[in-house]
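Going by the working numbering, the sequence shown opens with residue 9, and the numbers climb by one from there. Backbone N, C-alpha and C define an ideal beta-carbon position, used for all residues, glycine too. Note that the coordinates shown come from a computational prediction; the quantities given were computed from them, not determined experimentally. Worksheet: the structure to be examined is printed underneath.
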Amino acid sequence: MTASTWASWMIICECQPSDFEQIGQLAAEMTDFFLANEPLTTHFEWSASADRSKIHIHERYADSTQAMSHMAAFGDQFGARFMALLKPVSVVAYGYPSSELRTALEGLSPVFMENFSGFHR
9 MTASTWASWM IICECQPSDF EQIGQLAAEM TDFFLANEPL TTHFEWSASA
59 DRSKIHIHER YADSTQAMSH MAAFGDQFGA RFMALLKPVS VVAYGYPSSE
109 LRTALEGLSP VFMENFSGFH R
């Protein structure tokens, strides 16, 4: 059996509901960019609370190398605009992140969950 390599996280952000249109435009631009340029990014999904004050972003990567590449592209292409509109308040990481990825995520004070059962298709 092949060892699992995927890595995933949920970023929970607070935002101003009045910024939701700009956030939607940024989310669409980021989605288009990552869909076109990152074939090993398997999930990149944004969800909003009904009052538009909270955004959850679910990201999943085939492996830690892809996650690290994504983080670099995010910083170069979108980081400043993202941080101007959204305030990350928590990050929960899942899967099998490498030690390098764990270190890269530390600035977000993530909770690392240990995968112990289940499946994905």
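Give the range of the alpha helix (DSSP H) segment to which residue i is assigned.
i	result
Ser107	Ser107 to Leu113
Leu48	Looking at the DSSP string, Leu48 is not in any alpha helix (DSSP H), and its letter there is neither H nor E.
Helix or strand or just coil, what does DSSP make of residue i?
i	result
His128	coil
Glu29	helix
Glu122	coil
Strictly by DSSP, which residues pair up with residue i?
i	result
Ser61	Paired residue(s): none; Ser61 is not in a bridge.
Ala15	Tyr69 and Gly103
Ser55	His64
Glu22	Lys62 and Lys95
Which residue marks the beginning of the beta strand (DSSP E) containing residue i, and which one marks its end?
i	result
Met130	Nothing about residue 130 can be reported from this structure: the residues present for the chain run from 9 to 129 only.
Pro96	Leu94 to Gly103
For residue i and residue j, which I take to be in contact (beta-carbon distance under 8 Å), what is that distance rounded to the nearest angstrom?
i	j	result
Tyr104	Thr13	6 Å
Leu116	Val99	4 Å
His66	His51	6 Å
Leu34	Phe90	7 Å
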